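Visitor: My structure is below; once you've seen it, I'll send some questions.
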Amino acid sequence: MKWAFTELEDMEDMSPMFTIVRVCVLGYNRNQSLPQSPKQSHKHPNPCQEAMARHNQTTAPLHICSSDDEMREAENNSLVESVTIVPGRIQMAIMTKKPRAEKNAASYYFTTDEQLVYANFYQDFGPLNLAKLYRFCTFLNNALQDEIHADKTFYYYTRNEPKKILNAAYLIGSYIIIYRQFNVPTVMKTLGPILKHANGAKFCDASINDLAFLSLKDCFGGIHKAVQKNFFDFDDFNVDDYEHYECVENGDFNWIVPDKLLAFCGPNSRTERTSDSVMLGPEVYIDYFHANNVTVVVRLNSPRYDAHAFTRAGIQHHDLYFSDGSSPSERLAKQFLKIVENARGAVAVHCKAGLGRTGTLIGAYLIKHYQFTAMEAIAWLRICRPGSVIGQQQTWLNSKQTQLLQEGEIYRQQRHHLYNPPEKHDHGVYSMVREEHTQKSTQPPGTQPTTDQELDSENVQRISQRVDTMRLNDEDDQEEEGDRVDSVSQTNNNIVHCKPIRTKKVAKLTTRHTRWTRSNNGRTVVSNATTTATAVRRGRGNVTPLGGTPQRASLQE
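For the sequence shown, the numbering used here begins at 5 and goes up steadily by one.
Structural data, given as structure tokens:
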């Protein structure tokens, strides 16, 4: 194993400009495609201890249980607040002291304060991503079903710190929405006594100025809508796939809508791998896109690669440029929605980092076709892909909410479309059942266009190819708005005249499932940057943690 740093493109949607830094632990593989994540069975028969040891790659912790006397002592000396989540079974508590362990006790205490921690880009905070929510839910379900704890009351406790309280409330509130069918008002009422100690704390985005805040209620609303639409199913969820492919060396992408919308970081001009560095070009995504029926790629930033890499593999490619950190025009947003609505398969969307511009347009689709509110859409996007939708883009989505909801209602009434979003998806994101079915029955798409519209697009691209210079930073991306904001939506085969670009230096590429977070045992790791701004990074950037020690999640019992 080897540690290495890289200096990447400037962070998307940030002004002034920031330098992005990634840290990775990798092996080496010369295969020109994305490394595969470890296979996982769709059954989870393992008990709590084995499950946690597998997820955390560490020995599972000891149980922390307390006798009735210990409980009374805790209440007298350290209990700040307690609420009933599930009568007779689950309580949530704010405590100032850690309970002492005792065998055969009546209560079972556990916490996630130092194990499930948000890894921030800059000043952003939460919510915890889908994999961490999965770990929490799986742990709690396994523990509740364990015969050893059959008669025990579970106390999920947290420290008396606003951000810790908010994270813990998000996890336990989401749990009862997913598994106990609570609605959002009921969850908020249940957690009310706990939340008063959070002093109004909210989640915030990755902007440097004018941080826009996301409420816990918004997150619960996003989770509730996602459950209703079956966007995810934790009984059929490959957490290894999620965590594998969100890493930069493995593709840096996340599914947002099952079988329909994927957000990813913009590819470079070509793939180059050495013993200590890797640059991912578009060709490495082809096999995965074919296997998962991704038939369209939409690029929202200035070209950094030749789009023909996708089109010659049978994947349509569209350019819908708008400026970094800005909001799309009305015309461009409609073009994007039409492309997704007409796509016969899934659509992969990227800008520079796959966060701001990408999340904004996907959010518009969630509002129009799944009746999310703007804030619920932003919440779901950040749960799936932390850092999505930044600054004024949140305001833009809120301003378009009513219009998009109305357009969605009209769209559903017409019922004569190439694609009608289902009321409820058959499989959620990262479904193992779907993956097994796909491996048995799906053939990769052909390399030739199959419809008259596609043939026309192919003819147009041969006649008029658009040539754009590759940009190195956000300042270079600021083009003439009249020419570019409502720019081309076409299947293209761009010839890109490249400036020298900076290598994405990481350690050796591997197929092994490995991860690293923004700090090393609590110490911030910083590399030299070419700008004087603070170094931040999408995914695994090195910044000062907001609290706790970012590490592989392992629930402390």
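Just so it is clear, CB atoms sit at the ideal spot from N, CA and C, and this is done for glycine as well.
Here the structure is a predicted model, which means the values were calculated and not measured.
With a floor of 4 residues, list each alpha helix (DSSP H) that falls wholly inside the region 286-366, ordered by position along the chain.
Guide: 290-295, 312-315 and 334-346
Visitor: If I follow the unbroken alpha helix (DSSP H) through Thr142, where does it start and stop?
Guide: Leu134 to Gln149
Visitor: Can you grab the Cα-Cα spacing for the pair Arg93 / Leu304, in whole Å?
Guide: 49 Å
Visitor: Rank Asn346, Ala311 and Phe129 by C-alpha distance to the C-alpha of Ala216 and give the top, closest one.
Guide: Nearest option by C-alpha distance: Phe129.
Visitor: Just checking my contact of Asn297 with Gly349 at CB under 8 Å: how many whole Å lie between their CB atoms?
Guide: 4 Å
Visitor: To the nearest angstrom, how far is the alpha carbon of Asn145 from that of Leu284?
Guide: 39 Å
Visitor: Who are Phe207's beta bridge partners in DSSP?
Guide: Leu218
Visitor: Count the other CB atoms, across all protein chains shown, that sit within 10 Å of the CB of Ala210; report buried if there are 16 or more and exposed otherwise.
Guide: buried
Visitor: Give every residue of the same chain whose Cβ lies closer than 6 Å to the Cβ of Leu170, excluding the five residues on either side of it in the sequence, and list them in chain order.
Guide: Ala202 and Ala205
Visitor: So does the region 342-357 actually touch the region 377-390, counting three or more Cβ pairs closer than 8 Å?
Guide: no
Visitor: Check this for me: beta carbons of Val344 and Thr364, under 8 Å apart or not?
Guide: No, these two residues do not count as a Cβ contact at 8 Å.
Visitor: Please state whether the Cβ-Cβ distance between Ile260 and Ile98 is less than 8 Å.
Guide: no
Visitor: With distances taken from CA atoms, which of Arg361, Asp310, Thr116 and Leu218 is nearest Leu324?
Guide: Arg361
Visitor: With a CB to CB cut of under 6 Å and the five nearest residues on each side skipped, what residues in its chain are close to Gln555?
Guide: Residue placement at Gln555 cannot be trusted, given a pLDDT of 37 that sits under 50; what the coordinates show is reported in the next sentence. If you ignore the 5 residues before and after Gln555, its C-beta comes within less than 6 Å of no other C-beta in its own chain.
Visitor: Hey, would you say Phe158 sits closer than 8 Å to Gln95, going by beta carbons?
Guide: yes
Visitor: Buried or exposed for Glu247, please, with buried defined as at least 16 other CB atoms from any protein chain shown within 10 angstroms of its CB.
Guide: buried
Visitor: Does Arg184 come out as helix, strand or coil in the three-state DSSP assignment?
Guide: helix
Visitor: Given Val3, which residues of its chain have a CB within under 6 Å of its CB, disregarding the five upstream and five downstream residues?
Guide: Look at the range of the chain in this structure, 5 to 561, and you will see that residue 3 is not part of it.
Visitor: With H, G and I counted as helix, E and B as strand and the rest as coil, what does DSSP make of Asn258?
Guide: strand
Visitor: If you draw a straight line from the C-alpha of Gln61 to the C-alpha of Arg139, how long is it?
Guide: Legend: pLDDT at Gln61 = 36, less than 50; position of this residue unreliable, value from coordinates given subsequently. Taking the straight line joining both Cα atoms gives about 13 Å.
Visitor: Could you tell me which of Arg163, Thr194, Asp150 and Leu175 sits nearest to Val87, measuring between CA atoms?
Guide: Thr194
Visitor: So who's on the other strand from Ala97, going by DSSP bridges?
Guide: Ser86 and Tyr161
Visitor: Whose CA, out of Ile227, Leu38, Tyr309 and Phe268, lies closest to the CA of Leu134?
Guide: Ile227
Visitor: Would you mind giving the Cβ-Cβ distance between Asn234 and His429, rounded to the nearest angstrom? I have them listed as a contact below 8 Å.
Guide: 4 Å
Visitor: Which residues in the same chain as Met379 place their Cβ atom closer than 6 Å to its Cβ, once the five residues preceding and following it in sequence are excluded?
Guide: Asp222
Visitor: Whose C-beta lies closer than 6 Å to the C-beta of Phe376 among residues of the same chain, with five residues either side of it excluded?
Guide: Lys229 and Leu370
Visitor: Are Tyr249 and Phe236 close, meaning C-beta to C-beta below 8 Å?
Guide: no
Visitor: Considering only residues of the same chain and omitting the five flanking positions on each side of Arg184, which have a CB-CB separation below 8 Å?
Guide: Val90
Visitor: Report yes if the C-beta distance between Asn254 and Tyr309 is below 8 Å; otherwise report no.
Guide: Contact: no.
Visitor: For Phe224, which option in Val84, Ile176 and Asp245 has the closest C-alpha, if you only look at C-alpha atoms?
Guide: Closest option to Phe224, Cα to Cα, is Ile176.
Visitor: Keeping to the same chain, check which residues put their C-beta closer than 7 Å to that of Gly450; ignore five residues upstream and five downstream.
Guide: At Gly450, the pLDDT of 40 sits below 50, so the modelled position is not reliable and the matter cannot be decided from this model.
Visitor: Please report the straight-line C-alpha distance between Leu409 and Ser403, rounded to a whole angstrom.
Guide: 11 Å
Visitor: CB-CB under 6 Å to Tyr374, same chain, minus the five flanking residues each way: which ones, in chain order?
Guide: Lys233
Visitor: According to DSSP, simplified to helix, strand and coil, what is Leu605?
Guide: Lying outside 5 to 561, the shown extent of the chain, residue 605 is not represented and no answer is given.
Visitor: Assign Lys342 to one of two classes, buried (16 or more other C-beta atoms within 10 Å of its C-beta) or exposed (fewer than that).
Guide: Here Lys342 is exposed, its C-beta having fewer than 16 other C-beta atoms within 10 Å.
Visitor: My understanding is that Asp117 touches Lys168, with C-beta atoms under 8 Å, so please give their C-beta distance in whole angstroms.
Guide: 5 Å
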